[in-house]
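Colleague: Before I ask anything, here is the structure I am working with.
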Amino acid sequence: MLHVAVIGGGCAGLAAAARLAEANIPVTLFEVAPQPGGRARSVYWNGQTLDNGQHILLGAYSETLSLLELAGITQSDVLLRLPLQLTMQPGFQLRTCHRLPAPLHVLCGLALASGLSWHERWRAIRFMSRMRLASFRLTRDQTLAELLEVQGQPEKLVRLLWEPICLAALNTPVAMASAQIFLNVLRDSFSQTKTDSDLLLPKQDLFRLLALPLVEFITKRQGRVETGVGIERITRSGEAFELEDSKGRMIACSHIILAVPPFRLAQITGALPEFKAAAISATMSYQPICTVYLQYEAGLRLDQPMTGLTQGMGQWVFDRGQLDQQHGLLAVVISAEGRYQNLSHEQLANAIVTELGLAFPSLAKKLASPLWHKVITEKRATFACTPGLHRPQMLSGIDGLYLAGDYVDGDYPATIEGAARSGAHAARHLIQSLQQGKTS
Ligand SMILES: Cc1cc2nc3c(=O)[nH]c(=O)nc-3n(C[C@H](O)[C@H](O)[C@H](O)COP(=O)(O)OP(=O)(O)OC[C@H]3O[C@@H](n4cnc5c(N)ncnc54)[C@H](O)[C@@H]3O)c2cc1C
């Protein structure tokens, strides 16, 4: 009997289940947490809805946007679309020239960027042009720091432009980051259509933005979504599978899309010795992301919804009042590992308050006294996106068992889009194999 189990209700699992439901394939999604969304989830604290971490999307996130459309969501209702604009406070501003086609809109933006010398702007343009000429492909992957050095990128340009983009996209410091994956992001964002480089900022919390519409779509198409149900073990049962869940139930299914993080694979697949889960998790290491939420009086407003910070630990500050009406709430993001990890939440919040005062001197007095703070750190926010990383294939090597997740082989770093593409890819492969009468 055809019945697909999707295990894990993050972006990858939701994407997979939605694509299967779209094709009218019987599907049940199992999520161990009380609500779906995975790392892109909302957190309920002290009567507030916060996100597990502030997320941004890009115009190039084609699969994510297509899924929202599938779920009947009008993009402009849930996402604030801004032509790429990087304001690093203090010191640097890049705005794309929106009247020009890609990639001229970026090259022109670089030529006019404020806070950089002519020499630095020229070096940035030359780097982009050379990478484009090489079709954004390297013959051998290396760290981004190595590539930027070989390409003669001055220190200030790296600090104000390339490093913030690398941290935002790959969540891996330039000294460790894969130059090839970084170039893939540049390719998709900057070289095709100019809207690909737009920033898409959530106007709703992550649960309402992504998980809820997809769950509603899946259930409307006769799929099932079971939250608060962990799958503890997969066993083979002839050509099919049996799942043992956290309630002690045994569930039969014909196919599985396993969309859990790599460090959960070993436990679930322990009864499938031919699946080498340990080898997969051994290749992965992780990087954290910390979000410091600071609540001020509702009247506090920054100039822009998103501003880069350059003088301390904080990297970006988001004014949630301009996004989802949480007036006076600022979210400061710190990507990748750093000295902030040695501070208590109190110390970190105080340090960020000081940094904000320096970045916005005209608001320093108001910024000095938040009403409350909340620090959320996700230790394994993303896999460390290092050169030549061996990422597992979507085909697990076991008929009928597919892998999905942001870490699965693909040319994106750990992002919502990487996860959505991976889930959709597994679902499409499964659908195609059913049409061709194969099991995988
Ligand atoms: C703080 C933070 C900020 C980020 N910022 C951005 C950003 O700005 N832009 C961007 O694009 N990306 C961002 N990301 C990355 C993005 O959130 C992830 O890449 C994406 O959500 C990963 O989705 P996934 O489905 O691959 O994995 P996950 O979200 O980890 O989903 C796996 C799911 O499996 C479930 N699960 C585990 N074990 C079991 C089991 N036994 N049974 C059933 N279910 C199980 C888990 O509970 C989880 O829900 C950020 C991540 C974090 C943490």
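Sequential numbering of the sequence shown, starting at 87, is according to this note's numbering.
The beta-carbon is built from N, C-alpha and C at its ideal position, and this holds for glycine as well.
Could you work out which residue in Leu457, Ala265, Arg387 and Gln521 is closest to Leu449 when comparing CA atoms only?
Modeller: Looking at the Cα atoms, Arg387 is the closest of the given residues.
Colleague: Any idea which residues DSSP pairs Gly394 with across the strands?
Modeller: The partner list for Gly394 (beta bridge, DSSP) reads Met174 and Trp402.
Colleague: Would you check if there are 3 or more beta carbon pairs closer than 8 Å linking the region 380-395 to the region 96-108?
Modeller: In short, these stretches do not touch, since the Cβ pair count stays below three.
Colleague: In terms of residue numbering, what span does the beta strand (DSSP E) encompassing Asp326 cover?
Modeller: Reading off the sequence, residue 326 comes out as Ala, not Asp. Element bounds for Ala326: Ala326 to Asp331.
Colleague: Bridge partners of Thr463, per DSSP?
Modeller: Cys376, per the DSSP bridge assignment.
Colleague: For Leu286, which residues of its own chain have a beta-carbon under 6 Å away from its beta-carbon, when the five flanking residues on both sides are left out?
Modeller: Same-chain partners within the cutoff: Leu143, Leu165 and Arg167.
Colleague: Within the same chain, show all residues whose beta-carbon is closer than 6 Å to that of Ala210, passing over the 5 residues directly before and after it, in chain order.
Modeller: Closer than 6 Å at the Cβ level, and outside the excluded window around Ala210, lie Leu196 and Leu243.
Colleague: Count the other C-beta atoms from every protein chain shown that fall within 10 angstroms of the C-beta of Val236, then say buried if there are 16 or more, exposed otherwise.
Modeller: Answer is exposed; the Cβ neighbour count stays below 16.
Colleague: Roughly how many angstroms separate the alpha carbons of Leu247 and Ala157, rounded to a whole number?
Modeller: So the two alpha carbons sit approximately 35 Å from each other.
Colleague: Measuring straight from C-alpha to C-alpha, what distance separates Gln381 and Trp458?
Modeller: Near 5 Å, if we compare the C-alpha coordinates of Trp458 and Gln381.
Colleague: Thinking just about the alpha-carbon of each residue, which of His515, Val118, Thr468 and Arg127 is nearest to the one in Ala297?
Modeller: Among His515, Val118, Thr468 and Arg127, the Cα nearest to that of Ala297 is on Arg127.
Colleague: Starting from Glu117, trace the beta strand (DSSP E) both ways and give me its first and last residue.
Modeller: Val113 to Glu117 is the extent of the beta strand (DSSP E) around Glu117.
Colleague: Enumerate in chain order the residues of its own chain whose CB-to-CB distance from Thr468 is below 6 Å, with the five nearest sequence positions on each side excluded.
Modeller: Closer than 6 Å at the Cβ level, and outside the excluded window around Thr468, lie Asn257, Gln373 and Ala500.
Colleague: May I ask you to check if the CB of Gly95 is nearer than 7 Å to at least one heavy atom of ligand 1?
Modeller: Yes.
Colleague: Can you tell which of Ile375, Arg223 and Ser508 has the C-alpha that lies nearest to the C-alpha of Gln140?
Modeller: Ranking Ile375, Arg223 and Ser508 by Cα distance to Gln140 puts Ile375 first.
Colleague: Can you check whether the CB of Ala265 is closer than 8 Å to the CB of Glu241?
Modeller: Going by C-beta atoms, Glu241 is not nearer than 8 Å to Ala265.
Colleague: Only counting the same chain, and skipping five residues up and downstream in sequence, which positions put a Cβ closer than 7 Å to that of Pro478?
Modeller: If we look at Pro478 and ignore the five residues flanking it on each side, its Cβ neighbours are Ile366, Leu489, Val494 and Asp495.
Colleague: Looking at the unbroken alpha helix (DSSP H) that takes in Leu151, where does it start and where does it end?
Modeller: Here the alpha helix (DSSP H) through Leu151 covers Ser148 to Leu156.
Colleague: In the DSSP assignment, what are the bridge partners of Thr281?
Modeller: Paired residue(s): none; Thr281 is not in a bridge.
Colleague: Is the number of C-beta pairs between the region 312-331 and the region 108-123 that are closer than 8 Å three or more?
Modeller: These segments touch.
Colleague: Confirm, please, whether the CB-CB distance from Gly145 to Phe178 is below 8 Å.
Modeller: No, Cβ-Cβ distance for Phe178 and Gly145 is not below 8 Å.
Colleague: Mark Trp204 as exposed unless 16 or more other C-beta atoms lie within 10 angstroms of its C-beta, in which case mark it buried.
Modeller: Flag for Trp204 reads exposed.
Colleague: Compute the Euclidean distance between the alpha carbons of Gln390 and Thr321, then round it to the nearest angstrom.
Modeller: For Gln390 and Thr321, the distance between alpha carbons rounds to 52 Å.
Colleague: Could you tell me the distance, in whole angstroms, from the CA atom of Ile337 to the CA atom of Ile354?
Modeller: Looking at the two C-alpha atoms, the distance is approximately 14 Å.
Colleague: Using a Cβ-Cβ cutoff of less than 8 Å, which residues in the same chain neighbour Leu193 once the five nearest sequence positions on both sides are dropped?
Modeller: Within the same chain, Leu193 has close Cβ partners Ile211, Met214 and Ser215.
Colleague: Do Ile93 and Val346 come within 8 Å of each other at the CB atom, strictly closer than that value?
Modeller: Contact flag set, yes.
Colleague: Rounded to the nearest angstrom, how far is the Cβ of Leu153 from that of Ala101, given a contact under 8 Å?
Modeller: 6 Å between Cβ atoms; contact.
Colleague: Below 8 Å on the Cβ atoms is my guess for Ala357 versus Cys339; work out the distance and round it to an integer in Å.
Modeller: Not a contact, Cβ separation roughly 15 Å.
Colleague: Find out if the Cβ-Cβ distance for the pair Pro259, Thr396 is shorter than 8 Å.
Modeller: No, they are not a contact pair.
Colleague: Decide if Gln161 is buried, meaning its Cβ has at least 16 other Cβ atoms within 10 Å, or exposed.
Modeller: Burial call: exposed.
Colleague: In chain order, what residues of the same chain lie with their CB nearer than 7 Å to the CB of Gln518, ignoring the 5 residues before and after it?
Modeller: None.
Colleague: State yes or no: is the C-beta of Leu272 within less than 8 Å of the C-beta of Gln401?
Modeller: Contact: no.
Colleague: Can you give the Cα-Cα distance for Gly394 and Glu330, rounded to whole angstroms?
Modeller: Rounded to whole angstroms, Gly394 to Glu330 spans 47 Å at the Cα level.
Colleague: What is the rounded straight-line gap between the Cα of Asp284 and the Cα of Arg307?
Modeller: About 32 Å.
Colleague: Val346: beta carbon under 7 Å from a heavy atom of ligand 1?
Modeller: At least one heavy atom of ligand 1 is nearer than 7 Å to the Cβ of Val346, so yes.
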